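Engineer: The structure is given below, and queries will be raised subsequently.
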Amino acid sequence: MAAEAALVARRCLDTTETGELNLSHCKLTQIPDAVFILVRSVEVTRCDLSHNVITRIPPKLGQQFPQLTELNVSNNNLSDLPAELDVMTSLVTLNMAANSFKILPEVLRRMSTLRNLHAANNDIPGK
888 MAAEAALVAR RCLDTTETGE LNLSHCKLTQ IPDAVFILVR SVEVTRCDLS HNVITRIPPK
948 LGQQFPQLTE LNVSNNNLSD LPAELDVMTS LVTLNMAANS FKILPEVLRR MSTLRNLHAA
1008 NNDIPGK
């Protein structure tokens, strides 16, 4: 547990230099509030939360990172996305593949800048 926390903290510090938050493969079940505090003064443009066991994206993700152009939440245990993500008006690419979605989240309809959606390997019928 301490090793994962140290990894998350180190990657948050890396974000201050790159503008890219990479929390993939951190064994996260949720996004710790500390992440939002550690990168609050950074303009995060890319966020990779893939290959964790996250079941819920907090609504404040969109408010904290409205300038995201790319969001990767693939390979988690998600079944929905919060409506508040619609404030990410620069989002071009969303990877939500390999989760537990049964339908496409309603918020996607309001993401007018979204050009690349990856939703394979979910439970969405009619593929």
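If you want the numbering used here, it's the 1-based position in the sequence shown plus 887.
Yeah, the Cβ is synthetic: ideal placement off N, Cα and C, and Gly gets one too.
Bear in mind that the values here come from a model prediction, so they are computed numbers and not experimental data.
1) Taking VAL929 as the reference, which of ILE918, GLU907, ASP920, PRO919 has the closest Cα?
2) Using C-beta distances below 6 Å, list every residue in its chain close to VAL960, excluding the 5 sequence neighbours before and after it, in chain order.
3) On the criterion of 16 or more Cβ atoms from any shown chain inside 10 Å, does ASN964 qualify as buried, or is it exposed?
4) Report the residue from THR976, ALA1006, PRO969 whose alpha carbon sits nearest the alpha carbon of VAL994.
5) Grab me the residues of ARG933's own chain with a C-beta within less than 6 Å of its C-beta, minus the 5 sequence neighbours each way, in chain order.
6) Within the same chain, show all residues whose beta-carbon is closer than 8 Å to that of PHE988, passing over the 5 residues directly before and after it, in chain order.
Structural biologist: Once the coordinates are examined:
1) Taking the first residue of the sequence shown as 1, we reach residue 929 at position 42. The residue with the shortest Cα to Cα distance from VAL929 is GLU907.
2) Counted from its first residue, the sequence shown places residue 960 at position 73. Here the set comprises LEU936, MET983.
3) Locating residue 964 in the sequence shown gives position 77, where the first residue counts as 1. Exposed: under 16 other Cβ atoms inside 10 Å.
4) In the sequence shown, residue 994 corresponds to position 107, counting from 1. Of the candidates THR976, ALA1006, PRO969, the one whose C-alpha sits nearest the C-alpha of VAL994 is PRO969.
5) The sequence position of residue 933 within the sequence shown is 46, counting from 1. Contacts found: GLU907, GLU957.
6) Residue numbering aside, residue 988 sits at position 101 when the sequence shown is read from its first letter. Excluding sequence neighbours, PHE988 sits near LEU965, SER966, ASP967, ALA1006, ASN1009, ASP1010, ILE1011.
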